[in-house]
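Worksheet: the structure to be examined is printed underneath.
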Amino acid sequence: MTFVDTSKLRLFRRARVTLFVAMLVSVAASMLQAAEAKDLKGVALIIGQSQYEHIAALPNPANDARDMAKMLTDLGFDARNVSDRDAAKLKRDLERFTEDAEGADVALIYYSGHGIEAGGENYLVPVDADVSSLKDADQELVPISAVMDELKKTVPVTIMLLDACRTNPFPSDAVVRRAPTASAEPIGAGGLEPVRGAKALGNAPAADASLGTVIGFAAEPGRPALDGAAGENSPYAAALLRHLAAMKGTEFGSVMRMVTEEVYLDTKAKQRPWVNESLRRLLYFGVAPPEPTGDDGLITGERRQLLLTISDLPDPKRAQVELASLQEGVPLDALYGVLRALGTEKIPEDPADLRKVLDAQAERLKKMMSERAALRTDDPEIKRLVASADKAIGQGAIATARKFLDDAVGRVEATNDAVDQAEELIKQKRIADAAIYAKRADASALVFDYKSAANDYAKAFSLAEKWDDKLRWNYKNQEAEALNSYGYATGDLDALRHAIEAYRAILNFIPNGEQNRDWAITRNNMAVVLQNIGERETETAHLEEAAQIFRDSLAVFEHVKDDLNWAAAQNNLGNVLLKIGERESDPKRLNEAVAAMRATLEKRPRDKVPLDWASSQNNLGLALYALSEREPGGEHLAQAEAAYRLALEEYTRQKTPVEWAMVENNLGNTLVTLGIQLNDKARINEAADAFRAALEVRTRDTFPVSWATSRLNLGNALSGVARFDMGTGTLEEAAAAYDDALTVFTRQRFPMDWASAQNNLGSIYQTLGQRTRDASRLEQSVAAFQAARQVYVRRKFPLDWAMSYYNLGNTLQLLGGVTDKPEYYDEAVDAYRNALREYKRETNPRQWALTQAGLGSTLHWLSMSNAGPATLRDSIAARRAALEVLTIETAPVDWANAQNGIGMSLLNLGNIERTGKYLDEAEAAFTATLKVFTRESQPMQWAFEQNNLGDIHWNRASYGGGKPEYLKAIAFFENAKQGFTEAGYTIPIPLTDQKIDLVKQQLAKK
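Mapping to this note's numbering: the sequence shown position 124 is 138, numbers consecutive.
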């Protein structure tokens, strides 16, 4: 054993607590070579407690202790093994070990048996312990901290490995007293807790000779460990036995990480060891047992690298792998091996993309496992290589498995000449050879080499085509799937077209063109490829073709009562209809997508497939949300909200954190839109909370794309919140959220998301410019909307193109008022009229109405520069058209703004024509707005309406209304001043004071 001195190196500790904390950070090879190393003396005591007299016996500790003693001896320790010790003998063993350890450099204790925790102390349980032992625990049991304290006095390094985290062997209501007169403490519910003596040594005095302690637990604190099958080793002991042999040349912390992940995989994520350590030097063992050789050596070597890779994966990704393993029934080891083969830098950051990868590879693994028995060959070397490949895949050593299969294919190719001896032999040989190519294709697909996989499936097809109809079908189908996967991953349209050709070849295998279940499955799969092609094209012909094929497949699946494939085809139909509908102004396809999603739910009952049901609820919410953008009210928004909330009943943060965060994000989008439409601040705040909750899972380091999406959406929520105050703090926070999103959403990589962020940032600059009357902010807004339109071209994205013009019109209207330049109003009118080229009342009623209202507002201000009554009448007509769609129930704020605009235009029209005939109608419009703009909810808007009503009465007084109208005008102006003050918006107050003075002067003359 040797230490490498690290006293002058800066060390970093890992932050995650869901896996072993690495002993020390690896140091550079040059440092290791330069550091002084020396041989050290190590002593070990191994304790195995199986034959308990009064509590539950444990079958495996004696086996564990025997095997650990042999291995530690091989590693160079002076090891002593004791078993089934009562309290007196166990304490004498430990006292003797403490004495013998004096002068040693490393002391290691391995304990396998019962252990409990109470009052912050961990106890080893002797074999003669019973319930009465708990009354005087310090005497009748063995406190671990006392042993550690004694060893630390004489030994530089103390290592204690505790395979003692099994469930509590005593009655659940039993309590522990350290001494008969001490207070009672409950026994920990499961497992041991961190040992109090193992503390970090960062602040230890320089004279302290101790180099630290290592306390290894078989399971995380408070969690029980498994004992394993009778007669075998516990999972923890088995992992130690397998990987401590790697100590030759591998630092102790890395080896213990391997142990952690070995137990995690062996127990199917039910148990994960844990360590509490404070080493100040890197620990190496110089002598190791013989390593495995041959095929097993290759598999073990890659598996150890896999274990270290797993230890670095963040918890959300681990949760997704665990969920995929559980749902698809494939080994965790193999799925993690697939991700390692892909490369950690290429693992998708987006949870949805990672889920697609895991689902696709899990399906391949299931197929490979199911076809093991079907592989027959008379070549013993090929049998050995294929068996080793299967073992390697089960151990997650995917690259090694592919090497074995490369060798098998090489042997197949080397023996091809002997096949022609007899037709029957040829048949058997060709089928066996085809299976080897298919096996290698499977392995290639597992490492995401879809192109090679497609080539090998094609070779397997060519070998089996004339001999076996079923294999011919299967190999051609797998070739098509691999071509589709390659085309989807790389954007290679030629590969996708070849996939279509392969599926059409399969259709020719069906006798007499019969439209049976196989026909429907093949056509359904072909339609998925057509959809992938269509999504990359500006035209919708391939999307339409895919939709029709899905419909044809549904008829067949319904006829043969295949509910599983029917639901999958219906889901595919809904997805392709949603893609088509998003490009069209007419909401017809979106309605059809909603209907398809609802039909899918009928075949996915919650009690049988809860997670599939939740997924369909989320998809339904997406379709309903898309549909809501084409309607004036909030009916479909409310339904989308309900669908997301139902999905969250199954997608919980504890069980499925990634999916939970995805639905929280989608729910937040719906709540923002509902809150803005209904002027409901509480809903918008709830949306902001939903986005913040999602961001706790969607961190930038782990899921950068999802993080950027939720930051973008949080900016939308904050923009909505800002409608209810006149400050700029919330707006600046929203702008910061959009800027964060743009650090990920670049135009080159994410053009649509980049354009969306630019559009939303333009809206924030618009509001900031309005509130501060800052023309530069408004110019920033114009630039952002124009940037978004570089992506939102009319031919490809007609509705987004119209939206960017509508938003641009709003900014130009404000810019005209701030700069007092009427040419901006002319540009705003052009922008609104461009938007109306796509926004139609029949297909986009709400957007059409809002654009009419914006056009009416701009015409109003334009009339003030040209003093034209015709322009004012056009303004009134546009706003009245908007009110045919905007109602106080479905869009209260927009309805009130339109009413206010009509009142202002009528008031100005009367002034131009020098008549009071419009005053009653204008007063009615201003008064109507007060149903929405109350003093309590929106004091600033209420104040403006009071001001406008003051203008009404002032005008009436001028047309002969006399003193009562003057007094009413003064009263309304005073109300307006109070409202502006309450809202914190003081800019209009001086002008209001001038009005009051003028009214009083005119009143004094009467």
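Using N, Cα and C, we set each Cβ at its ideal position, and we do this for glycine too.
As the structure is a computational prediction, the values presented were derived from the model and not from experiment.
Starting from residue i, trace the alpha helix (DSSP H) both ways and give me its first and last residue.
i	result
residue 633	624–642
residue 969	953–970
residue 705	695–711
residue 418	412–428
residue 345	Element bounds for residue 345: n/a, residue is neither H nor E.
residue 184	First-last for residue 184: undefined, no H or E at that position.
residue 671	671–692
residue 937	933–943
residue 548	531–548
residue 979	977–997
residue 754	743–758
residue 721	718–735
residue 476	464–478
Counting along the chain, where does the beta strand (DSSP E) carrying residue i start and finish?
i	result
residue 382	Element bounds for residue 382: not the beta strand (DSSP E) but the alpha helix (DSSP H), 365–384.
residue 190	189–191
residue 136	135–138
residue 1004	Here residue 1004 belongs to no beta strand (DSSP E); instead the alpha helix (DSSP H) covers 1003–1019.
residue 200	198–200
Which residues in the same chain have their Cβ closer than 6 Å to the Cβ of residue i, if we skip the five residues on either side of it in sequence?
i	result
residue 1028	The requested residue 1028 does not occur in the structure, where the chain is confined to residues 15 to 1020.
residue 805	765 and 769
residue 458	466 and 467
residue 642	650 and 651
residue 541	560, 563 and 564
residue 499	464
residue 850	865
residue 741	none
residue 132	190, 199 and 201
residue 1030	Here the chain covers residues 15 to 1020 and nothing more, so residue 1030 does not appear.
residue 754	725
With residue i and residue j assumed to form a contact (beta carbons below 8 Å), what rounded beta-carbon distance in angstroms separates them?
i	j	result
residue 151	residue 191	6 Å
residue 588	residue 610	3 Å
residue 114	residue 56	Between residue 56 and residue 114 the Cβ distance is about 12 Å, and since that is not below 8 Å, they are no contact.
residue 758	residue 719	6 Å
residue 230	residue 287	7 Å
residue 607	residue 635	Residue 607 to residue 635, Cβ: 12 Å. No contact.
residue 419	residue 403	5 Å
residue 874	residue 886	7 Å
residue 684	residue 654	5 Å
residue 779	residue 800	Not really, about 12 Å apart at Cβ, beyond 8 Å.
residue 104	residue 138	7 Å
Leaving out the 5 sequence neighbours to the left and right, which residues in its chain are closer than 7 Å to residue i when beta-carbon positions are compared?
i	result
residue 529	570
residue 970	930, 933 and 979
residue 1015	none
residue 637	588, 592, 604, 607, 608 and 611
residue 247	74, 77, 78, 81 and 255
residue 901	909
residue 446	390 and 391
Can you check DSSP and say which residues form a bridge with residue i?
i	result
residue 126	62 and 177
residue 97	62
residue 229	174 and 290
residue 56	120
residue 836	None; residue 836 has no bridge partner.
residue 156	138
residue 132	135 and 201
residue 144	The partner list for residue 144 (beta bridge, DSSP) is empty, contrary to what the question assumes.
residue 92	57
Enumerate in chain order the residues of its own chain whose CB-to-CB distance from residue i is below 8 Å, with the five nearest sequence positions on each side excluded.
i	result
residue 751	725, 726, 728, 729 and 732
residue 627	615, 618, 619, 620 and 664
*alpha helix (DSSP H) segments (min. 4 residues) lying fully within the stretch 234–289*: Counting whole runs of 4 or more residues, the stretch 234–289 contains the alpha helix (DSSP H) stretches 249–257 and 266–280.
Inset, instruction - At 3 residues or longer, and completely inside the stretch 766–817: list those beta strand (DSSP E) runs for me, N to C. - result: Counting only runs of 3 or more, we get nothing.
Exercise for review: Report the residue ranges of all alpha helix (DSSP H) runs contained in full by the stretch 299–335; include only those spanning at least 4 residues, in chain order.
Suggested key: The qualifying runs are 308–325.
Q: Jot down the residue ranges of each uninterrupted beta strand (DSSP E) in the stretch 838–913, minimum 3 residues, whole runs only, in chain order.
A: If we require 3 residues or more, the stretch 838–913 turns out to have no beta strand (DSSP E) run fully inside it.
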